[in-house]
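Colleague: The working numbering applies: residue 40 is where the sequence shown begins, and numbers increase by one. Even for Gly, the Cβ is constructed at its ideal location relative to N, Cα and C. One structure, as structure tokens, below. Some questions next.
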Amino acid sequence: MIQDIFPSRLDNSFQTKLPQPDSRIMCFQDGRLLACVRDNALHIPQYRALSLQDSAPVYLFSVDNEPFFLAKAAAVPEGYQYYPIRELRDRCAGKYLYAAFTAYHLYQWYADNRFCGICRGAMQHDDRERALFCTECGHKIYPRINPAVIVGVISNGRILVTRYRRGYAHNALVAGFTEIGETAEECAAREVMEETGLRVKNIRYYKSQPWGMAQDLLMGFFCEADGSDEIKMDDYELKSACWVRPEELELQPQQHSLTNEMMQLFRDTNGHLPPESAPAARTLPPQKTRIYFTRHGETTMNAEDHISGVTDCELTEEGLAQARRLAAICAEHREIGLIICSPLKRARKTAEIIAEQLHVPVVTDARLREWDYGSYEDQPRGSTPDFQDAKLAFGVRMKDGGESLLQLAHRVYGCIDDIRRQYTGMTVLCVCHGGVCRAAETYFRDMTAEAFSQFFMGNCELRQYEI
Ligand SMILES: [Zn+2]
């Protein structure tokens, strides 16, 4: 199917990016795409090859690491022309075709929503999410996706095959848009009844497919005719509707559509379809989880050079300013979706400042609290010459009820394991402490005892790890 581009992957997460010279630019005109088709391969022009009309290119999505933008071309570069999307569907395949379909969906949505439906004000792109808002009354809208169903109706080892009166000329299955107030299964039954006069039973979900060409999300169902299999065709919508045996079934010329995959499955299994839903359509590649670690802003105890483990203390003015600077850096990238912080005041305050700027939630995890330094807590660093050595005795608890390094590592590692499991594919910021950051570093990288003892993390410094 068109979306099956594995191992490539389309990343549709919202970002604000600027085009680079080699970025791909999707330029549409009257519903046609500026492209070049050579040997059935679809080429999308790069930013450097185009002269564009005034408005800024809009970032759409990336395929692997290649970003795609939407813009209007001022001229047609040599070797390129505008192609109707339907023609590209017939002539091309691969990740660029999927990108073109997806871009077309967004292009149509932007084009249809230049003015506010409430007050007719001009709509503008939101810079935090994929949305448009009215510059006059603030009304906000989100991309519209139309759910539709594809239905494979089976009776006595045959499948119900249709052809549309208008549009696509090849074999198809019963299909139609969901109406407001009905489930997808009810829609499947209604569409079969409307188009062919048949009752159906045993409706079961198969797979779904984004179909940007028609701004759809398609949901495929198989079902069986219930009672009479006499077809009463709706000849306004259809040119033909008939029962076809597997060996007689003619597939579509391209493998893009869910319809075609469902027909092919019927043919290849000789009508013996799996009784229940098939496994998920898309083999998703393993997703990377990105974890940032930072240490809280400067505290009163940092300023006095006192050892602060689990002892609570406040941020200084400088500490607050450091947190605000870090918030601004994080905001530039905008990919952080969650902040996890230590329960100690200095980390919580730092996390709050960042969260406020990023508009992301903060959760507290006690496993990110600082190393419990026992009776070294709140001592002036200069008065405890053996503190440095105590840190290296990894299996020995800090005196008078403190933790050993292994105990610290045990809880920090557990926390990171849980982040990987619960927030797979997300970017998470951990706001914690110098000792915790040091333990976290050993989770991701080998460290000698010497490197470990020299590891230093400044206040609000940021380290990035990817798994
Ligand atoms: Zn408005």
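Pull up the CB-CB distance for K246 and C262, whole angstroms please, since I reckon it's below 8 Å.
Modeller: About 15 Å separates the two Cβ atoms, so there is no contact after all.
Colleague: With distances taken between CB atoms, is the gap from C380 to T403 smaller than 8 Å?
Modeller: Against a cut-off of 8 Å, the Cβ pair of T403 and C380 comes out as a contact.
Colleague: Should H511 and I157 be called a contact, given that it needs their Cβ atoms to be closer than 8 Å?
Modeller: The shown model of the chain, from 40 to 506, leaves out residue 511, and the question about it has no answer.
Colleague: Give the straight-line distance between the Cα atoms of K111 and Q92, rounded to the nearest whole angstrom.
Modeller: Spanning the two alpha carbons is a distance of roughly 5 Å.
Colleague: Sort out for me which residues DSSP pairs E263 with in a bridge.
Modeller: Per DSSP, I193 and K240.
Colleague: Bridge partners for K430 per DSSP, in chain order?
Modeller: Looking at the DSSP assignment, K430 forms no beta bridge with any residue, so it has no partner.
Colleague: With a threshold of 7 Å on Cβ separation, who are the neighbours of Q147 within its own chain once the five nearest residues in sequence on each side are excluded?
Modeller: Q254, listed in sequence order.
Colleague: Short check: CB of G358 to CB of W410, under 8 Å?
Modeller: Cβ distance not < 8 Å, so G358 and W410 don't count as in contact.
Colleague: If we count the other Cβ atoms within 10 Å of its Cβ and call it buried at 16 or more, is E489 buried or exposed?
Modeller: The residue in question, E489, is exposed, as its Cβ has fewer than 16 Cβ neighbours within 10 Å.
Colleague: With a 10 Å radius around its C-beta and 16 neighbouring C-beta atoms as the bar for buried, classify Y137 as buried or exposed.
Modeller: Its Cβ being crowded by 16 or more others within 10 Å, Y137 is buried.
Colleague: Which term fits L72, buried or exposed, when burial requires 16 or more other beta carbons within 10 angstroms of its beta carbon?
Modeller: So L72 counts as buried.
Colleague: Near N51, what residues of its chain come up, given a Cβ to Cβ distance below 6 Å and the 5 sequence neighbours on each side ignored?
Modeller: Excluding residues within five positions, the ones whose Cβ falls inside 6 Å are F100.
Colleague: Could you tell me the alpha carbon to alpha carbon distance between E395 and R329, rounded to whole angstroms?
Modeller: Roughly 21 Å between the two C-alpha positions.
Colleague: Are the region 199 to 212 and the region 170 to 185 touching, with three or more C-beta to C-beta distances below 8 Å?
Modeller: No, they do not touch.
Colleague: For the candidate residues G336, D265 and G196, whose alpha-carbon lies nearest to that of R306?
Modeller: Among G336, D265 and G196, the Cα nearest to that of R306 is on G196.
Colleague: Taking only the alpha-carbon atoms, compute the straight-line gap between Q461 and G453 and give it to the nearest angstrom.
Modeller: Each residue's alpha carbon lies about 12 Å from the other.
Colleague: Using the rule of at least 16 other Cβ atoms within 10 Å of the residue's Cβ for burial, across every protein chain shown, is L431 buried or exposed?
Modeller: Exposed is the call here.
Colleague: Give the range of the alpha helix (DSSP H) segment to which H164 is assigned.
Modeller: Taken as a continuous stretch (DSSP letters only), H164 belongs to no alpha helix (DSSP H), being part of the beta strand (DSSP E) at M162 to H164.
Colleague: Report buried or exposed for K388, applying the criterion of at least 16 other Cβ atoms within 10 angstroms of its Cβ.
Modeller: Answer is buried; the Cβ neighbour count reaches 16.
Colleague: Taking Cβ positions only, does V97 come closer than 8 Å to chain C?
Modeller: The structure shown contains no chain C, having only a single protein chain.
Colleague: Determine the direct distance from the alpha carbon of R364 to that of L323, and round the result to whole angstroms.
Modeller: Confidence at L323 is low in this model, with a pLDDT of 48, below 50, so its placement is unreliable and no value can be given for it.
Colleague: Does K246 come out as helix, strand or coil in the three-state DSSP assignment?
Modeller: In the structure shown, K246 sits in a strand (DSSP, three-state: E or B).
Colleague: On the DSSP bridge list, what partners appear for M65?
Modeller: Bridge partners of M65: L109.
Colleague: Taking only the alpha-carbon atoms, compute the straight-line gap between I506 and R459 and give it to the nearest angstrom.
Modeller: Computed Cα separation, rounded: 8 Å.
Colleague: So what does DSSP say about S492, is it helix, strand or coil?
Modeller: S492: helix per DSSP, three-state reduction.
Colleague: At a cut-off of 7 Å, would you count I242 as near ligand 1, judging by its Cβ distance to the nearest heavy atom?
Modeller: I242: no, Cβ never under 7 Å from ligand 1.
Colleague: Classify M437 as helix, strand or coil using the three-state DSSP reduction.
Modeller: Reduced to three states, the DSSP call for M437 is coil.
Colleague: Is any heavy atom in ligand 1 found nearer than 7 Å to the beta carbon of I346?
Modeller: Every heavy atom of ligand 1 is 7 Å or more from the Cβ of I346, so no.
Colleague: Which term fits F433, buried or exposed, when burial requires 16 or more other beta carbons within 10 angstroms of its beta carbon?
Modeller: That one is exposed.
Colleague: Got a sec? Which residues, its chain only, sit under 6 Å from H345 by beta carbon, not counting five neighbours each side?
Modeller: Around H345: D417 and P419.
Colleague: By the 10 Å Cβ neighbour count, where 16 or more other Cβ atoms means buried, how is M40 classified, buried or exposed?
Modeller: It counts as buried.
Colleague: May I ask you to check if the CB of H178 is nearer than 7 Å to at least one heavy atom of ligand 1?
Modeller: For ligand 1, at least one heavy atom lies less than 7 Å from the Cβ of H178.
Colleague: Would you check if there are 3 or more beta carbon pairs closer than 8 Å linking the region 120 to 140 to the region 291 to 299?
Modeller: Yes, the region 120 to 140 is in contact with the region 291 to 299.
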